[in-house]
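One structure below.
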Amino acid sequence: MSSSSPLLSCPLPLLSTHLLSSHILFLSSPLLSCPLPLPLLSCPLPPPRSSPPPPLISSSRLISSPLIVKQPGSHSAAKKEKRFSTSSFPLTTNRELQKLPALADVAPAEQEKLFIQKLRQCCVLFDFLSDPLSDLKWKEVKRAALSEMVEYITHNRNVITEPIYPEVVHMFAVNMFRTLPPSSNPTGAEFDPEEDEPTLEAAWPHLQLVYEFFLRFLESPDFQPNTAKKYIDQKFVMQLLDLFDSEDPRERDFLKTTLHRIYGKFLGLRAYIRKQINNIFYRFIYETEHHNGIAELLEILGSIINGFALPLKEEHKIFLLKVLLPLHKVKSLSVYHPQLAYCVVQFLEKDSTLTEPVVMALLKYWPKTHSPKEVMFLNELEEILDVIEPSEFVKVQEPLFRQLAKCVSSPHFQVAERALYYWNNEYIMSLISDNAAKILPIMFPALYRNSKTHWNKTIHGLIYNALKLFMEMNQKLFDDCTQQFRAEKNKEKAKSKEREEAWIKIENLAKSSPQLQHEQRKERPMVRRKSELPQDLYTTKALETHRRAEDMLTAHDGL
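Residues in the sequence shown are numbered consecutively from 259, following our numbering.
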């Protein structure tokens, strides 16, 4: 592909980088910098963190995993609850932790028991929101234990024994699985994922280490999927998928990698994971139109699609046609469009026969009044044309170029400019050249008309370039189109003149009609008259004989 590049190549982000503003402290590990597409499962993990991450107590908008209970009747507490949404998770009652000895300092026979003790110790939850400076000593004990365990399973072998599996999964579940608050905006307006800054997790210093530990656990050479499948089951995956709606982009990055590791390790969960992702997309398209993790889920699917065996199963084709393509309808398309376009192109590279339904669906969902979205569609369409087979191009060329002709005629210069950039693509020009007899008659009127009438001078230059390429491609066909366009223009002028003359004739006939003249004689000029009261003789007489009070007083004074 000349204009498209793999969106999932290292580094992983696309949307992750621009989602974070410059003042947000990004504590994510370099773990997430390994490429996501297959073979993602072989990405090496970085060395463990050796120093504690700085606390995120200065961020202006944070959310905390524990549910902080406010005192009733407190106005400030209620106001704070409204501004700082909190994930629903109860705090641990007894939060005083005992610092355990280091794993390296005990005998090998005691290490498993101590490892389990540290895992259970890390199930204690702390308050990072209402009072971030509370329990600092115990928070540091937990942080140090997590860091030590990350290093322990990274540099030691045969330490992940069967009793460790349920403890690790339980520790991860206690720290991570929670009810996420709805996305909110402190100004009271509806949350806009494109404009509003994300709300960060206040407990991230601990959550990040839990994610790192769990990923190293999954990637350890000692990890046995057959043993772990008793604990990492469908319920676990469902709860993991629910976390993708987190507003914190750092957490979604870790979730993306974690879910992909699970997809690669547990063959029995693959169909279930795909099905549940489908359900998330269905709800997003047809019900909520809001979900924070669509881009990350599509990124995972991009690498999954890349690994599909050929020929494609009917299930995968239905997923493309019924799930991926309708995602183009949602108003927040710009948040996840690069990943969506990548998935669509991956499908077409796997099976070129899907090109026609994909292009026709894009034309069906083509935006009518939203120019930035139209530019996105043009970007995706060019990526599709970069991988299209000539035999498939013939099937869609006419409706496709009718739409491009409309885009070239768009008064929005960015839409017209993006469409005209197609003529700078060598592969697209080769397809046009092979089918010029069909395409040039469709495009010529729009190009010729806008070369003179479009308001933007840049568009004039691009149109002249396109016309020049068409002329060099097939001079005779170009001349024929020119003559045909002029003939049609003359025919339109003649028709317009004919209509005007017909209307003049109709007006003259109407004016000379005897019936019209008779009606005009009957007409009187419109004069505004006062409304007249109904005449009553008794009333008239009574009014005439009535003497006003002033008259009576005057007559009396004169006596």
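Ideal Cβ placement from N, Cα and C applies to all residues, glycine included. Just so you know, these numbers come straight off a predicted model, no measurement behind them.
How many angstroms separate the CA atom of residue i from the CA atom of residue j?
i, j, result
"Asp738", "Met731", "13 Å"
"Glu477", "Leu585", "33 Å"
"His464", "Leu598", "32 Å"
"Tyr679", "Ser504", "38 Å"
"Phe502", "Asn550", "7 Å"
"Leu298", "Ala674", "Caution is warranted here: a pLDDT of 40 is assigned to Leu298, below 50, making its placement in the model unreliable, and no coordinate value can be reported."
"Leu525", "Glu647", "34 Å"
"Pro669", "His518", "44 Å"
"Lys653", "Trp713", "34 Å"
"His628", "Phe481", "50 Å"
"Thr437", "Thr412", "31 Å"
"Leu662", "Lys622", "14 Å"
"Lys799", "Ala768", "54 Å"
"Pro596", "Val602", "10 Å"
"Met634", "Cys380", "46 Å"
"Lys749", "Pro772", "37 Å"
"Ile490", "Glu632", "43 Å"
"Lys664", "Arg757", "27 Å"
"Leu612", "Thr711", "38 Å"
"Ala461", "Leu358", "22 Å"
Which residues in the same chain have their Cβ closer than 8 Å to the Cβ of residue i, if we skip the five residues on either side of it in sequence?
i, result
"Thr740", "Phe702, Tyr706"
"Pro699", "Cys739, Gln742"
"Asn693", "Phe651, Val652, Gln655"
Go to residue i, then tell me how far its alpha helix (DSSP H) extends in each direction, as first and last residue.
i, result
"Asp692", "684–692"
"Trp396", "394–413"
"Ser561", "552–564"
"Ile531", "528–541"
"Pro479", "Run containing Pro479: none; DSSP gives neither H nor E here."
"Lys523", "507–523"
"Glu232", "With the chain running from 259 to 817 in the structure shown, residue 232 is simply not present."
"Cys601", "595–608"
"Glu354", "It is not in any alpha helix (DSSP H) - Glu354 carries neither H nor E in the DSSP assignment."
"Pro657", "648–666"
"Glu675", "671–678"
"His574", "572–577"
"Ile374", "366–379"
"Lys626", "No alpha helix (DSSP H) contains Lys626, which DSSP labels as neither H nor E."
Would DSSP call residue i helix, strand or coil?
i, result
"Thr740", "helix"
"Leu458", "strand"
"Thr613", "helix"
"Thr485", "helix"
"Thr419", "coil"
"Thr437", "strand"
"His712", "coil"
"Asp500", "helix"
"Ser771", "coil"
"Glu470", "helix"
"Trp681", "helix"
"Leu801", "helix"
"Lys589", "coil"
"Leu720", "helix"
"Pro569", "coil"
"Leu358", "coil"
Among residues of its own chain, excluding the 5 on either side of residue i, which ones have a beta-carbon nearer than 6 Å to its beta-carbon?
i, result
"Val426", "Phe475"
"Leu725", "Leu705"
"Pro310", "At Pro310, the pLDDT of 40 sits below 50, so the modelled position is not reliable; the number obtained from the coordinates is stated separately. Excluding residues within five positions, the ones whose Cβ falls inside 6 Å are Arg401."
"Phe651", "Leu689"
"Met434", "none"
"Glu638", "Ala599"
"Gln497", "Phe435"
"Arg676", "Val633, Leu636"
Can you give me the Cβ contacts of residue i inside the same chain, cut-off strictly under 7 Å, excluding the 5 residues immediately before and after it?
i, result
"Lys763", "none"
"Ile543", "Pro584, Leu585, Lys587, Val588"
"Ala695", "Leu735"
"Phe471", "Leu404, Met407, Val408"
"Ala486", "Tyr423"
"Lys523", "Leu476, Pro483"
"Ile697", "Gln655, Phe659, Ile690"
"Leu355", "Gln379, Val382, Trp396, Val399, Lys400"
"Leu591", "Lys631, Met634"
"Phe605", "Ile563, Leu578, Leu612"
For a cutoff of 9 Å on Cβ pairs, would you count residue i as touching chain B?
i, result
"Leu606", "Of the protein chains in the structure, only one exists, and it is not chain B."
Can you confirm whether the region 553–568 touches the region 508–526 when touching is taken to mean that 3 or more C-beta pairs between the two stretches lie within less than 8 Å? They touch, by the three-pair rule.
So, does the region 576–591 touch the region 534–547, judging by three or more C-beta pairs under 8 Å? Yes, they touch.
Does the region 684–700 come close enough to the region 712–725 that 3 or more CB-CB pairs lie under 8 Å? Contact between the region 712–725 and the region 684–700 is not established, with fewer than three Cβ pairs separated by less than 8 Å.
contact_flag[the region 556–573, the region 617–624] where n(CB pairs < 8 Å) is 3 or more: At 8 Å Cβ cutoff, the stretches do not touch.
Okay, do the region 411–426 and the region 359–377 touch, 3+ Cβ pairs below 8 Å being the bar? Verdict: yes, contact present.
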